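Participant:
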Amino acid sequence: MTRIAIYPGSFDPVTNGHLDIIQRGSSLTDHLIVAVARNAGKSPMFSIDERIALLENEIKSMEKDGLISGKVTVNTFTGLLIDYAEKSNANMILRGLRAVTDFEYEFQMTGMNRRMNRDIETVFLMASERNQFIASSMVKEIADLDGDISSFVPNSVVEAIRSRGK
Ligand code: PNS
0 MTRIAIYPGS
10 FDPVTNGHLD
20 IIQRGSSLTD
30 HLIVAVARNA
40 GKSPMFSIDE
50 RIALLENEIK
60 SMEKDGLISG
70 KVTVNTFTGL
80 LIDYAEKSNA
90 NMILRGLRAV
100 TDFEYEFQMT
110 GMNRRMNRDI
120 ETVFLMASER
130 NQFIASSMVK
140 EIADLDGDIS
150 SFVPNSVVEA
160 IRSRGK
């Protein structure tokens, strides 16, 4: 069986935590589709195209460094995640879990997605120790307040935020 997984999220912006999940997720799947949700988040920092470009750039560089096994592509979706997963012939939805506070939301989402399609399993990877606490929303707040975000996100994101100014 070909293992196709969707790794969905807002990725606004991509963090080191996301990249860790992409790297580890790629070793468990034949094709990992990183799916940027169009309808999540009301006032995004980056446009969908910018988020895709940042993700593709980082994935390319991880591939060059031999950190990715299996095929990884980036795409975008609107509407229900479960419909997109079905259309993509995915058998798995991949999510990262950080602190216990993530659990309730993920638990509900998993249950509802499973009720809608029992054939698509949601699989969780525990965030690695280094990335347990990283959240895009806090990265944006720290950047907005001129804090140092360089240990939370890749350099390309630091540069992208710096170049847009305020
Ligand atoms: O990066 P996030 O905010 O954790 O990602 C959340 C996301 C995009 C995975 C979630 O909001 C989602 O699946 N949105 C698509 C709409 C949908 O399917 N909603 C019902 C979920 S049960």
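Under numbering that gives the first Met the number 0, the first residue of the sequence shown carries the number 0, and numbering increases by one thereafter.
Idealized CB from N, CA, C, for every residue including glycine.
The model shown is predicted, which means the values in this text are computed figures rather than measured ones.
Answer yes or no: the CB of Gly8 versus the heavy atoms of the ligand PNS, is any distance below 7 angstroms?
Facilitator: Correct: Gly8 has its Cβ closer than 7 angstroms to the ligand PNS.
Participant: In terms of DSSP beta bridges, what is Lys70 paired with?
Facilitator: Partner(s): His30.
Participant: Hey, is Ala36 close to the ligand PNS, as in C-beta under 7 angstroms from one of its heavy atoms?
Facilitator: Yes, the beta carbon of Ala36 sits closer than 7 angstroms to at least one heavy atom of the ligand PNS.
Participant: Is the separation between the beta-carbon of Ile51 and that of Arg37 shorter than 8 angstroms?
Facilitator: No, these two residues do not count as a Cβ contact at 8 angstroms.
Participant: Count the other CB atoms within 10 Å of the CB of Met0; is the residue buried (16 or more) or exposed (fewer)?
Facilitator: Exposed.
Participant: As a quick exercise: from Ile160, Asp11, Ile20, Thr28, pick the residue whose alpha carbon is nearest that of Ala126.
Facilitator: If we check each option's Cα against that of Ala126, Ile20 comes out closest.
Participant: Quick one: grab the DSSP three-state call for Ile95.
Facilitator: Note on residue identity: the sequence assigns Gly, not Ile, to residue 95. The answer is strand: DSSP assigns Gly95 an E or B state.
Participant: Shortest alpha-carbon distance to Phe45 belongs to which of Ser150, Ser135, Ser149?
Facilitator: The candidate whose alpha carbon is nearest that of Phe45 is Ser135.
Participant: Comparing C-alpha positions only, which one of Ile160, His30, Asn15, Val13 sits nearest to Ile92?
Facilitator: Nearest C-alpha to Ile92: His30.
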